[in-house]
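Peer 1: Residue numbers (my numbering): 5 to 962. No residue lacks a Cβ here, since even glycine has one placed at the ideal position from N, Cα and C. Note that this is a predicted model, so its numbers are computed, not measured. The structure that follows is given in the form of structure tokens.
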RNA sequence: AGGACUAUAGCUCAGUUGGUUAGAGCGCUACCUUGACAUGGUAGAGGUCGGCAGUUCGAAUCUGCCUAGUCCUACCA
């Protein structure tokens with residue numbers, strides 16, 4: 005083995021071997037365990053969120069695979085409607101071509117081309133992470149099977165009355181010319197104005213104060229063209245007399261009523277609100293209550309129409325009301341029209357005042373365009389009914405969120421769920437399976453032939469398919485079962501559904517998780533007809549942020565690419581990567597400076613295992629993770645530690661030629677033979693069992709941080725720091741018996757082999773690499789560590805006595821090292837140490853462990869004190885004194901200072917415990933065991949203090 | 001406006017049902033190339049657990065209020 009761990013050298017080949025040998029496929033035996041990958045955008049590329057997400061899922065999958073489950077990790081990609089269409093449109097745009105130039109079919113062909121070209125990027129990147137997904141089952145939300153599932157789901161929901169079409173207000177994106185759902189709208193804080201307009205009262209009415217007008221306030225002046233009423237609060241005394249009267253809408257000269265509605269806040273503004281049902285969601289609701297007409301004044305680009313479209317509140321055309329609009333606004337963009345309208349009000353003396361006003365502006369999460377509430381025909385899923393069982397499934401624990409607090413978020417949203425607008429005016433996506441005839445009738449079916457058959461439509465009837473496509477999330481909502489072959493009742497569906505756990509970020513709980521739950525409960529039933537949940541657990545992880553806690557974003561220039569952390573990247577490449585293709589090129593200089601400061605040497609190559617282990621160690625529940633390069637460096641070092649521990653073990657258990665190549669195994673007890681286990685052997689075996697217990701518990705609780713920490717501590721602090729050192733006195737003892745050597749070699753090999761299996765789900769590559777060499781020595785056979793059994797704690801191997809003995813030994817050695825360190829005695833110097841104490845156990849332990857002690861504390865002798873104690877530096881281990889004679893070694897003042905430090909510490913402790921025990925309330929109320937513990941603590945501390953004081957006095961008297 | 005979460009060593013984080021002398025890694029100090037490892041070893045320094053009250057014999061841990069930060073939902077035209 006190389007002297008230093010080099011992730012590149014070992015990570016290169018394993019993945020390919022694993023994949024080619026089919027190790028990622030379900031084994032076909034054992035209980036099913038299934039995870040569906042959250043499908044990344046097909047044209048996307050890997051980011052830290054994927055890295056984190058995959059580290060967790062692969063840990064779970066590998067863990068369960070090793071535990072003998074029939075594991076399926078289902079991969080696939082999402083077609084990501086808007087996002088993908090945008091990318092391709094932008095590419096075409098660069099060549100001066102629009103999608104309309106190409107036409108629908110040609111444009112879709114272009115997208116497929118782009119998908120073929122770039123679709124492999126993300127999947128290959130996922131391979132680099134070591135994710136053991138079953139690529140033979142890879143699916144795409146637009147492939148034939150999933151498209152069938154989408155059609156089937158749509159048709160059935162329509163049959164069940166849960167999908168309907170209607171003319172309603174939707175969130176309209178005037179840039180992309182499509183409707184989007186509520187969830188795709190982001191409300192951004194902005195500074196705006198509140199314009200106060202005078203609306204003249206009609207019919208010579210006056211207010212109670214004698215004014216001939218009332219004042220309305222608005223943030224959106226341009227919509228006044230579509231006002232169909234003014235509302236006041238029903239109990240507002242100021243306007244009682246005016247309710248039912250009319251105002252004349254300026255500019256338009258439309259006569260509109262004053263209505264009373266308790267939506268109005270009397271305290272805000274003047275207490276009068278203009279009502280524009282066709283351009284505001286709240287006004288739309290008011291309109292419904294008062295049967296107001298909907299007056300649409302904007303076109304699809306959000307420019308003003310020449311003539312308003314007037315509808316009744318039920319969406320039918322209203323031919324009574326005159327939709328004439330002032331012609332000087334026709335064709336003006338909404339924001340241009342706004343300025344002009346304000347100016348015209350001002351000219352007419354109708355602008356009361358303009359206030360500054362903070363408001364939330366709705367913007368499309370993809371386009372960034374200001375969203376316009378707009379009246380269109382769209383398809384909806386009625387969500388209320390679907391939500392009911394989805395709420396119950398979480399309430400009754402069929403689905404559990406980890407951490408649990410996300411259930412509240414889920415409930416809050418589900419209990420107030422709005423119908424889901426699923427139609428999109430895009431080209432890339434699943435086309436809505438609905439057809440129209442010339443008379444405007446709508447037919448829903450799986451295809452045109454079915455529609456004709458079911459509705460007795462002859463060939464003479466022209467049918468036209470709906471141009472719209474479905475929201476991407478509609479197909480994602482079917483992901484857990486469509487990927488398993490639904491609507492066919494496949495074996496895979498029967499076996500792997502419900503899946504076990506969904507691993508995802510909180511940001512898509514509503515977009516995806518909630519909708520999956522609703523759809524799955526509706527469509528997938530057990531044999532007895534009861535609904536199946538899509539997954540039993542939802543593990544919700546936090547966002548990966550930069551080391552300062554900031555969200556990673558291109559515009560901030562703080563994005564880390566997981567592959568750069570794995571492979572490393574030089575500074576210049578990193579800088580150019582971070583400043584390339586910027587939306588705001590003016591930020592480039594700042595980003596460059598910041599990058600050069602943070603990574604003056606670029607980024608070193610840390611390897612996949614270190615990256616994954618870092619993610620796991622940071623994955624405590626319920627918080628975002630700040631990605632800390634320091635932690636990752638520490639875990640890269642941990643890999644190196646494992647690497648070198650393995651080198652040591654192999655060196656001592658293999659016969660090697662001069663180049664360090666194995667030429668045969670030493671006797672590690674794999675073929676039987678007499679064995680003698682040392683204290684250290686029994687101890688490390690015992691500690692291994694406890695570590696296995698900890699990992700088991702942590703995995704059951706999704707505590708990847710605790711699992712990885714337990715492994716880290718065992719391997720580094722126990723196996724490497726102590727056990728390997730304790731093995732040396734045995735292995736290098738010329739008098740050691742074959743049985744002793746065999747026992748220690750066997751323990752070295754077997755404990756490490758088990759630790760590798762324990763760590764494999766978290767660091768797959770290095771564990772496989774080492775395991776291949778170690779396994780034969782440990783008496784294990786098999787092609788890959790992936791398919792070995794996960795280590796299970798054997799409680800009979802827990803050895804309390806050995807643990808206590810080693811604690812004593814460690815305490816003694818640390819005590820001597822402490823004296824060395826504080827007294828500046830060279831570590832190279834062999835010293836004589838004496839032991840003294842009343843306890844026969846101590847003496848027995850000394851005799852039994854003299855060999856260990858001498859080696860690890862670098863002693864020339866270790867003797868039990870006989871006769872008078874010489875002047876010595878002293879450490880206490882329990883009741884035993886460890887004496888390092890001072891002659892020629894110890895500085896008097898230094899030793900006094902050292903003792904004083906100890907005495908101070910003990911004094912503080914004694915005072916504290918005495919206080920406790922002096923409090924009768926404590927003694928009377930606390931459990932007996934707690935009191936007894938305190939008493940022992942006090943006695944021990946007092947005893948120790950007295951001994952040290954005695955020692956202090958003795959030295960001070962010199 | 002409602003709700004959630006977070007606040008522990010200079011930094012990144014653990015701390016299980018209240019009872020520890022409050023821990024780890026990085027960083028820092030001193031010493032050390034001893035036959036796995038300087039991506040290392042040994043020994044240290046460093047915290048009144050955001051603040052204030054309360055419950056309790058006992059609070060980092062439970063309750064309330066406050067402060068700071070992050071986020072979600074809904075929004076007043």
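1. In terms of residues, what are the limits of the beta strand (DSSP E) holding residue 258?
2. Report the rounded CA-to-CA distance for residue 742 versus residue 781, giving the unit in angstroms.
3. Count the C-beta pairs between the region 381 to 392 and the region 163 to 177 that are closer than 8 Å, then say yes if the count reaches three, no if not.
4. Just checking, does the region 673 to 688 make contact with the region 720 to 736 on the three C-beta pairs under 8 Å criterion?
5. I'd like to check one pair, residue 570 with residue 94: are the Cβ atoms closer than 8 Å?
6. Less than 7 Å between C-beta atoms, sequence neighbours within five positions excluded: which residues of the same chain meet that for residue 727?
7. Would you kindly report the start and end of the unbroken alpha helix (DSSP H) that includes residue 267?
8. How would you label residue 175, buried or exposed, when you count the other beta carbons within 10 angstroms and need 16 or more for buried?
9. For the beta strand (DSSP E) that residue 131 lies in, which residues bound it at each end?
10. What is the C-beta distance between residue 548 and residue 631, in whole angstroms, given that I count them as a contact (C-beta under 8 Å)?
11. Using 8 Å as the cut-off, can you tell me whether the region 198 to 211 makes contact with the region 393 to 400, which would need three or more C-beta pairs spanning the two stretches below that distance?
12. Flag this pair as touching only if the region 432 to 442 and the region 80 to 89 have three or more C-beta atom pairs under 8 Å; answer yes or no.
13. Is the beta carbon of residue 186 closer than 8 Å to that of residue 368?
14. Please work out which residues of its chain come closer than 7 Å, Cβ to Cβ, to residue 162, disregarding the five sequence neighbours upstream and downstream, and give them in chain order.
15. Any heavy atom of the ligand NAD inside 7 Å of the beta-carbon of residue 842?
16. Hey, quick one: how far does the beta strand (DSSP E) through residue 545 stretch, first residue to last?
17. Curious, which full-length alpha helix (DSSP H) runs of at least 4 residues does the region 554 to 604 contain?
18. Here's the rule: buried if 16 or more other CB atoms are within 10 angstroms of the residue's CB, otherwise exposed. What is residue 460?
19. I need the straight-line Cα distance from residue 681 to residue 734, nearest angstrom please.
20. Skipping 5 residues on each side, what residues in its chain have a beta carbon closer than 6 Å to that of residue 647?
21. Looking at C-beta atoms only, is the number of pairs between the region 521 to 537 and the region 63 to 78 that lie closer than 8 Å three or more?
22. Between 557, 215, 199, 63, which lies nearest to residue 362 when the distance is taken from Cα to Cα?
23. Judging by CA-CA distance, which residue of 623, 492, 427 is the nearest neighbour of residue 474?
24. Taking the continuous alpha helix (DSSP H) assigned at residue 643, which residues delimit it?
25. With a threshold of 6 Å on Cβ separation, who are the neighbours of residue 402 within its own chain once the five nearest residues in sequence on each side are excluded?
26. Going straight from the alpha carbon of residue 154 to that of residue 500, what length do you get?
27. Going by DSSP, name the residue or residues bridged to residue 328.
28. Just to confirm the assignment, what range does the alpha helix (DSSP H) spanning residue 620 have?
29. Would you decide whether residue 621 is buried or exposed? Buried here means 16 or more other CB atoms lie within 10 Å of its CB.
30. Go through its chain and collect everything with a Cβ distance to residue 951's Cβ below 7 Å, but skip five positions before and after it.
31. Would the beta-carbon of residue 793 fall within 8 Å of that of residue 5?
32. Name, in chain order, the residues that DSSP records as bridge partners for residue 81.
33. Enumerate, from N- to C-terminal direction, the unbroken alpha helix (DSSP H) stretches of 4 or more residues contained entirely within the region 39 to 83.
34. Quick check: residue 678 and residue 670, are their CB atoms within less than 8 Å of each other?
35. Would you decide whether residue 565 is buried or exposed? Buried here means 16 or more other CB atoms lie within 10 Å of its CB.
36. Note down the Cα distance separating residue 956 from residue 826, rounded to an integer number of angstroms.
Peer 2: Well, looking at it:
1. Translated into positions along the first chain, residue 258 becomes position 254. Counting along the chain, the beta strand (DSSP E) containing residue 258 begins and ends at 258 to 264.
2. For the purposes of this step, residue 742 is taken as the residue at position 738 of the first chain. For the purposes of this step, residue 781 is taken as the residue at position 777 of the first chain. Rounded to the nearest angstrom, the two C-alpha atoms are 17 Å apart.
3. yes
4. yes
5. Here residue 94 refers to the residue found at position 90 when the first chain is read from its first residue. Here residue 570 refers to the residue found at position 566 when the first chain is read from its first residue. No, they are not a contact pair.
6. For the purposes of this step, residue 727 is taken as residue 723 along the first chain, with counting starting at 1. The answer, listed in chain order, is 684, 688.
7. Position 263 of the first chain, counting from 1, holds the residue named residue 267. Looking at the DSSP string, residue 267 is not in any alpha helix (DSSP H), and its letter there is neither H nor E.
8. One-based indexing of the first chain puts residue 175 at position 171. Burial call: buried.
9. As a first step, residue 131 is located in the first chain; it is residue number 127 there, counting from the start. Per DSSP, residue 131 belongs to no beta strand (DSSP E); it is in the alpha helix (DSSP H), 108 to 132.
10. Position 544 of the first chain holds residue 548. Position 627 of the first chain holds residue 631. Sure, about 6 Å apart at Cβ, within 8 Å.
11. no
12. yes
13. Residue mapping note: residue 368 aligns to position 364 of the first chain, counting from 1. Residue mapping note: residue 186 aligns to position 182 of the first chain, counting from 1. Going by C-beta atoms, residue 368 is not nearer than 8 Å to residue 186.
14. Walking along the first chain from the start, residue 162 turns up at place 158. Excluding sequence neighbours, residue 162 sits near 448.
15. Among the ligands in the structure shown, none appear at all, so the ligand NAD cannot be discussed.
16. Within the first chain, residue 545 is the residue found at index 541, counting from 1. Counting along the chain, the beta strand (DSSP E) containing residue 545 begins and ends at 539 to 545.
17. 566 to 571, 575 to 583, 592 to 602
18. On the first chain, position 456 is the one that residue 460 refers to. By the neighbour-count rule (16 or more Cβ atoms within 10 Å), residue 460 is not buried but exposed.
19. In the first chain, the residue the question calls residue 681 occupies position 677. In the first chain, the residue the question calls residue 734 occupies position 730. Cα-Cα distance, rounded: 11 Å.
20. Against the first chain, residue 647 aligns to sequence position 643. Cβ within range, chain order: 9.
21. no
22. Residue mapping note: residue 362 aligns to position 358 of the first chain, counting from 1. Selected option, being the one with the closest Cα: 199.
23. Against the first chain, residue 474 aligns to sequence position 470. Nearest option by C-alpha distance: 427.
24. Counted from its first residue, the first chain places residue 643 at position 639. Its alpha helix (DSSP H) spans residues 633 to 657.
25. For the purposes of this step, residue 402 is taken as the residue at position 398 of the first chain. So the list reads 537, once near-sequence residues are dropped.
26. Along the first chain, read from residue 1 onward, the residue named residue 154 stands at position 150. Along the first chain, read from residue 1 onward, the residue named residue 500 stands at position 496. If you take the alpha carbons of residue 154 and residue 500, they lie about 20 Å apart.
27. Within the first chain, residue 328 is the residue found at index 324, counting from 1. Residue 328 is bridged to 311.
28. Here residue 620 corresponds to residue number 616 of the first chain, with the count starting at 1. Here the alpha helix (DSSP H) through residue 620 covers 611 to 622.
29. Position 617 of the first chain, counting from 1, holds the residue named residue 621. The residue is buried, with at least 16 neighbouring Cβ atoms inside 10 Å.
30. On the first chain, residue 951 is found 947 positions in, with the first residue counted as 1. 880, 885, listed in sequence order.
31. One-based indexing of the first chain puts residue 793 at position 789. One-based indexing of the first chain puts residue 5 at position 1. No.
32. Mapped onto the first chain, residue 81 falls at position 77. According to DSSP, which records beta bridges pairwise, residue 81 is partnered with 144.
33. 52 to 70
34. Start at 1 with the first residue of the first chain, and residue 678 comes out as number 674. Start at 1 with the first residue of the first chain, and residue 670 comes out as number 666. In this structure, residue 670 does not lie closer than 8 Å to residue 678 by Cβ.
35. As a first step, residue 565 must be located in the first chain, where it is residue number 561. By the 10 Å Cβ count, residue 565 comes out buried.
36. Here residue 956 refers to the residue found at position 952 of the first chain. Here residue 826 refers to the residue found at position 822 of the first chain. So the alpha carbons of these two residues sit roughly 16 Å apart.
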